[in-house]
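For what it's worth, this note's numbering labels the leading residue of the sequence shown as 3, then goes sequentially. C-beta: ideal position from N, C-alpha, C; glycine also. Bear in mind that the values here come from a model prediction, so they are computed numbers and not experimental data. Here is the structure we will look at, set down as structure tokens.
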Amino acid sequence: MILPRARFIPARRGARPARANPARRLLLPGMIVVSFLIAAGLLVLAGYAQHRIGAHTASRGAAQLTRAVLALVGIALGALGARYAQDTAGAVLAFVAGFGLVHFPAAVILFVKRARGTGKS
């Protein structure tokens, strides 16, 4: 399906530019509490994953490499989330949530491995 070309429509003279809704720029108090709780929970999962990697990895070098890769990818995703946040509090919470979100699958896998009692791999 071919879409028609968009036409450029010039703005009227004297028209005011559209203003952003100020309520959308900042996190509301209820939203900041929920965001904080989510970010804190994901940060706990990140700490759990970083802590348990050594117990389930055969060599120390592999454990350090896994920790480093998780941390670097977490920092990258956190920075990406923080870049698009509208205010400082949102940026910090987005960074922490992004960092923790990367660790979530590893934390679940390590939790299951611990529950099963499997050894190092």
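Residue environment, residue i, which counts as buried when at least 16 other CB atoms sit within 10 Å
{"i": "Ser61", "result": "exposed"}
{"i": "Gly121", "result": "exposed"}
{"i": "Leu112", "result": "buried"}
{"i": "Gly80", "result": "buried"}
Same chain, Cβ closer than 7 Å to residue i, neighbours up to 5 away in sequence not counted
{"i": "Thr68", "result": "Ile55, Thr59"}
{"i": "Ile40", "result": "Ala99"}
{"i": "Phe106", "result": "Leu44, Leu47"}
Spatially closest choice to residue i from the options, by CA coordinates
{"i": "Ser37", "options": "Gly49, Phe106, Val94", "result": "Val94"}
{"i": "Leu82", "options": "Phe101, Lys122, Ala65, Ala70", "result": "Phe101"}
{"i": "Leu72", "options": "Gly32, Gly49, Pro31", "result": "Gly49"}
{"i": "Leu30", "options": "Asp89, Gly119, Ser123", "result": "Asp89"}
{"i": "Ser123", "options": "Ala42, Ala57, Ala70", "result": "Ala57"}
Limits of the unbroken alpha helix (DSSP H) element including residue i
{"i": "Tyr50", "result": "31-55"}
{"i": "Gln66", "result": "62-85"}
{"i": "Gly121", "result": "Note, Gly121: premise wrong, no alpha helix (DSSP H); not H, not E."}
Assumed close pair residue i, residue j - CB separation to whole angstroms, cut-off 8 Å
{"i": "Ala2", "j": "Ala117", "result": "Any answer about residue 2 is impossible in this case: the structure gives the chain only from 3 up to 123."}
{"i": "Ile34", "j": "Ala91", "result": "6 Å"}
{"i": "Val104", "j": "Val75", "result": "5 Å"}
{"i": "Ala84", "j": "Ala96", "result": "5 Å"}
Neighbourhood of residue i by C-beta distance below 6 Å, restricted to the same chain and skipping five residues each side
{"i": "Ala64", "result": "none"}
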